[in-house]
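**Q**
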Amino acid sequence: AQGAVSARPKMEAAVQGEESCGAQKPAAAAAHLKARKKLDEHGRYLRYPGITTVCQVPPASIEAVLSGLPAAVRQLPGVGEWFAPLPAASYHVTVVDICTQYQRELGEEAWGSLLAHSCWAEASALFERAAFAPSLRLKEVNLTYTHAKLLLIVELEPAGPADREGLIAAMREILEPTIGEIKEPYVWHLTLAYGLPQLERHGPLAPEALEAGREAARRLVEEAFGGFEGGELPLEPARLCAFNDMTAFVPWNGIDPVRDLL
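Residue 71 is where the sequence shown starts when you use the numbering used here, and the numbers rise one by one after that.
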């Protein structure tokens with residue numbers, strides 16, 4: 071059982087994992103990498119490579135129920151013009167994020183070396199065996215805003231079996247000795263759109279505009295989820311995935327060169 075799997079004691083210091091990734095680098099270069107953004111001023115998604123574990127929404131469910139959401143997000147009153155909706159084909163629920171190249175502050179050579187490690191094949195096989203597909207339904211729609219950041223997510227809650235702790239513990243046991251600490255998972259969610267970077271240079275959005283956008287987003291998502299049997303979001307089993315940006319998450323066996331997949 072997933073819950074019965076126990077993780078080895080964590081590394082004495084996450085720094086050891088960072089060093090194994092070739093993480094020692096000039097401070098200026100590290101700051102430059104960490105400052106990279108996920109999308110440009112025009113809402114085009116930029117290269118932002120990483121490895122994660124996700125449950126994809128099946129293409130048939132996207133086509134039947136969710137395909138119209140990106141265009142509808144752009145039309146949200148008060149806020150739609152400030153969003154860069156993700157393509158519906160990318161819709162997924164994250165089990166736990168693992169790492170991204172830029173947040174790890176790794177150059178191309180160091181990133182390639184990290185991905186060549188044998189631990190990834192073991193992690194991929196773990197998820198293949200687990201065939202973990204949580205049972206999740208709509209909890210609430212969150213349109214969050216600070217002056218520099220706008221985000222639209224669908225927060226989900228268990229509608230049945232959805233315990234991921236044992237699976238994550240087993241994955242940490244495999245990966246953390248090589249890559250360092252893996253962060254705690256976020257609440258279950260489906261991301262619909264990120265805010266445009268130029269919000270940083272724009273005056274604050276009006277509270278009434280935000281409220282109108284939130285209410286419209288709530289209605290939009292509730293109507294969409296009403297198209298699913300029992301209101302439960304269909305999900306494929308979780309897989310280890312590689313991504314080059316936020317628009318596509320490709321299952322990875324941990325062996326094939328990632329550059330050949332993306």
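Where a beta carbon is used, it is the ideal one built from N, C-alpha and C, also for glycine. Quantities reported herein were computed from a predicted structural model and do not represent experimental measurements.
Could you name the residues of the same chain whose beta carbon sits closer than 8 Å to that of ALA276, not counting the 5 residues immediately before and after it, in chain order?
**A** GLY148
**Q** Can you tell me whether GLN145 is buried or exposed, with buried defined as 16 or more other CB within 10 angstroms of its CB?
**A** exposed
**Q** Do PHE197 and LEU310 have their C-beta atoms closer together than 7 Å?
**A** yes
**Q** Would the segment 237-250 count as touching the segment 283-292 if we require 3 or more Cβ pairs under 8 Å?
**A** no
**Q** What are the start and end residues of the beta strand (DSSP E) that includes PHE313?
**A** 309-313
**Q** Can you list, in chain order, the residues of its chain with a C-beta nearer than 6 Å to that of ALA195? Leave out the 5 residues immediately preceding and following it.
**A** none
**Q** LEU226 to PRO327, Cα distance in whole Å?
**A** 33 Å
**Q** If we ignore side chains and look at the alpha-carbon of each, how far apart do GLU175 and HIS102 end up?
**A** 8 Å
**Q** Can you say whether ALA263 is buried or exposed, counting buried as having 16 or more other CB atoms within 10 angstroms of its CB?
**A** buried
**Q** Hey, out of VAL135, LEU221, ILE238, MET241, whose CA is closest to PRO267's CA?
**A** LEU221
**Q** Classify HIS162 as buried or exposed, calling it buried when 16 or more other Cβ atoms lie within 10 Å of its own Cβ.
**A** buried
**Q** Suppose only complete runs of 4+ residues qualify. What are the alpha helix (DSSP H) ranges in the segment 189-269, listed by chain order?
**A** 189-200, 235-249
**Q** What residues in its chain sit with their C-beta under 8 Å from that of PRO229, if we drop five residues either side in the sequence?
**A** Per the sequence shown, the amino acid found at residue 229 is Ala instead of Pro. Only SER205, LEU206, ARG207, GLY300, GLY301, GLU302 meet the Cβ criterion.
**Q** What's the call for VAL165, buried or exposed, on a 16-neighbour Cβ count within 10 Å?
**A** buried
**Q** In whole angstroms, what separates the C-alpha of THR417 from that of PHE153?
**A** Any property of residue 417 remains undetermined from this structure, which presents the chain solely from 71 to 332.
**Q** Pull up the CB-CB distance for MET316 and TYR115, whole angstroms please, since I reckon it's below 8 Å.
**A** 5 Å
**Q** Whole angstroms are fine: how far does the CA of LEU156 sit from the CA of ALA141?
**A** Straight-line spacing of the CA atoms in ALA141 and LEU156 works out to 10 Å.
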